[in-house]
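Protein chains in written order, with my numbering: chain A, -14 to 97; chain B, 1106 to 1221. All C-beta atoms in this analysis are idealised placements derived from N, C-alpha and C, irrespective of residue type, glycine included. Note that this is a predicted model, so its numbers are computed, not measured. The structure appears right after this line, and notes come after that.
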Amino acid sequence: GQQVMQIPQYQHVQEGEDFTTYCNSSTTLSNIQWYKQRPGGHPVFLIQLVKSGEVKKQKRLTFQFGEAKKNSSLHITATQTTDVGTYFCASPPLNRDDKIIFGKGTRLHILP
Amino acid sequence: KAGVTQTPRYLIKTRGQQVTLSCSPISGHRSVSWYQQTPGQGLQFLFEYFSETQRNKGNFPGRFSGRQFSNSRSEMNVSTLELGDSALYLCASSGTGVATNTGELFFGEGSRLTVL
């Protein structure tokens, strides 16, 4: 079945450093979503990428969807303490028989 | 616009008991999906309801069940609780639904279940 691998599992960065998390699939994805979950909170939608090679920016966050639609990345420039949390990618189903698949998430910890 | 509301937020049960969790979606949303979140397995899809019909189901045993009412509120039930059922149970509402491959999910705060 469809699987989405997300790496790294954990990342510790100094405040001000950049951060990147990657999602990889062995199969072509219809689209990909990214969510952020703060410690003790619930996942909050960040963005959805649909087109091959798509790049979207939200302030310091840059999201990319690979040309083959098998991988995606989230890059944060100059991290801040407010970026702490776990970032998940999610692959919505290709058809009604499939299920949404979430990556296991990358937990970002910021060192002051 | 009110968000997704889940009740109860926290509960403690013992093995063998059953539990019912409730989820009220965002007004106008007809899709409610449920997820189990654990440190080891991450977020796993349980099932989705749309207009009172189950549209899809994850790979969980039959002890996990759900339903949706005409006002789109949904409940999930876990019977014969096991220690491994301890988790954060999240529900999410969507205007179009998970199965339609579009649209963001709006998550509730979750119900944290501890099974002793």
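Assigned secondary structure, residue i (DSSP; H/G/I helix, E/B strand, else coil)
| i | result |
| --- | --- |
| T47 (chain A) | strand |
| G1189 (chain B) | helix |
| T66 (chain A) | helix |
| T12 (chain A) | coil |
| K54 (chain A) | coil |
| S1198 (chain B) | strand |
| P28 (chain A) | strand |
| K36 (chain A) | coil |
| F1165 (chain B) | coil |
| V1183 (chain B) | strand |
| R1160 (chain B) | strand |
| L1126 (chain B) | strand |
| G1171 (chain B) | strand |
| R23 (chain A) | coil |
| Q1107 (chain B) | For the record, residue 1107 (chain B) in the displayed sequence is Ala; it is not Gln. Of the three classes helix, strand and coil, the one that applies to A1107 (chain B) here is coil, per DSSP. |
| R1114 (chain B) | coil |
| S1216 (chain B) | strand |
| I(-8) (chain A) | strand |
| S1132 (chain B) | coil |
| E1153 (chain B) | strand |
| R1120 (chain B) | coil |
| K42 (chain A) | strand |
Presumed contact (8 angstroms Cβ cut-off) between residue i and residue j, rounded CB distance
| i | j | result |
| --- | --- | --- |
| Q1111 (chain B) | E1209 (chain B) | Q1111 (chain B) to E1209 (chain B), Cβ: 18 angstroms. No contact. |
| E2 (chain A) | P97 (chain A) | Incorrect: roughly 12 angstroms between the Cβ atoms, too far for contact. |
| P(-7) (chain A) | T91 (chain A) | 6 angstroms |
| L46 (chain A) | G70 (chain A) | Not confirmed; about 12 angstroms, so no contact. |
| A1192 (chain B) | Q1142 (chain B) | 6 angstroms |
| Y1140 (chain B) | L1195 (chain B) | 5 angstroms |
Residue i and residue j closer than 8 angstroms at C-beta
| i | j | result |
| --- | --- | --- |
| L31 (chain A) | K21 (chain A) | yes |
| V40 (chain A) | Q49 (chain A) | yes |
| Y7 (chain A) | S58 (chain A) | yes |
| T13 (chain A) | K54 (chain A) | yes |
| P1144 (chain B) | S1216 (chain B) | no |
| S1177 (chain B) | G1171 (chain B) | no |
| N9 (chain A) | N56 (chain A) | yes |
| L1156 (chain B) | S1199 (chain B) | Here residue 1156 (chain B) is Ser; the residue named in the question, Leu, does not match the sequence. Result no, Cβ atoms of S1156 (chain B) and S1199 (chain B) do not sit closer than 8 angstroms. |
| F1232 (chain B) | P28 (chain A) | Since the first residue shown for chain B is 1106 and the last is 1221, residue 1232 (chain B) is missing from the structure and cannot be characterised. |
| Q(-4) (chain A) | C74 (chain A) | no |
| E1153 (chain B) | N1164 (chain B) | no |
| T64 (chain A) | I95 (chain A) | yes |
| Q(-9) (chain A) | S11 (chain A) | no |
Partner residues on chain E for residue i, Cβ-Cβ distance less than 8 angstroms
| i | result |
| --- | --- |
| G1213 (chain B) | Although the question refers to chain E, the structure presented lacks it and instead comprises the protein chains A and B. |
Is the stretch 1127 to 1134 of chain B in contact with the stretch 1107 to 1116 of chain B, if contact means three or more CB pairs nearer than 8 angstroms?
-> Contact between the stretch 1127 to 1134 of chain B and the stretch 1107 to 1116 of chain B is present, because at least three Cβ pairs lie under 8 angstroms.
Touch check for the stretch 1131 to 1150 of chain B and the stretch 78 to 93 of chain A: three-plus C-beta pairs under 8 angstroms?
-> Taking a cut-off of 8 angstroms on C-beta distances, the stretch 1131 to 1150 of chain B touches the stretch 78 to 93 of chain A, as three or more cross pairs fall below it.
Sufficient close CB pairs (3 or more, under 8 angstroms) joining the stretch 1116 to 1125 of chain B to the stretch 1182 to 1189 of chain B | Counting Cβ pairs under 8 angstroms, three or more are found: they touch.
Contact list for the stretch 29 to 40 of chain A against chain B, Cβ threshold 8 angstroms = Going along the stretch 29 to 40 of chain A in chain order, one finds V29, F30 and Q33 with a Cβ nearer than 8 angstroms to chain B.
Residues within the stretch -14 to 14 of chain A neighbouring chain B, beta-carbon criterion of under 8 angstroms = Cβ contacts with chain B come from no residue of the stretch -14 to 14 of chain A.
Using a Cβ cut-off of 9 angstroms, which residues of the stretch 85 to 96 of chain A contact any Cβ in chain B, in chain order?
-> Correct list: I85, I86, F87, G88, K89 and G90.
Near-chain A residues of the stretch 1153 to 1170 of chain B - C-beta to any C-beta below 9 angstroms = For chain A, the residues of the stretch 1153 to 1170 of chain B that bring a beta carbon within less than 9 angstroms of one of its beta carbons are E1153, R1160, N1161, K1162, G1163 and N1164, in chain order.
Proximal residues, the stretch 52 to 73 of chain A versus chain B, C-beta separation under 8 angstroms | Within the stretch 52 to 73 of chain A, F73 place their CB atoms closer than 8 angstroms to a CB of chain B, listed in sequence order.
Under 7 angstroms (Cβ pairs) to chain A, residues found in the stretch 1139 to 1152 of chain B = So the list reads G1147, L1148 and F1150, given in the order they occur along the chain.
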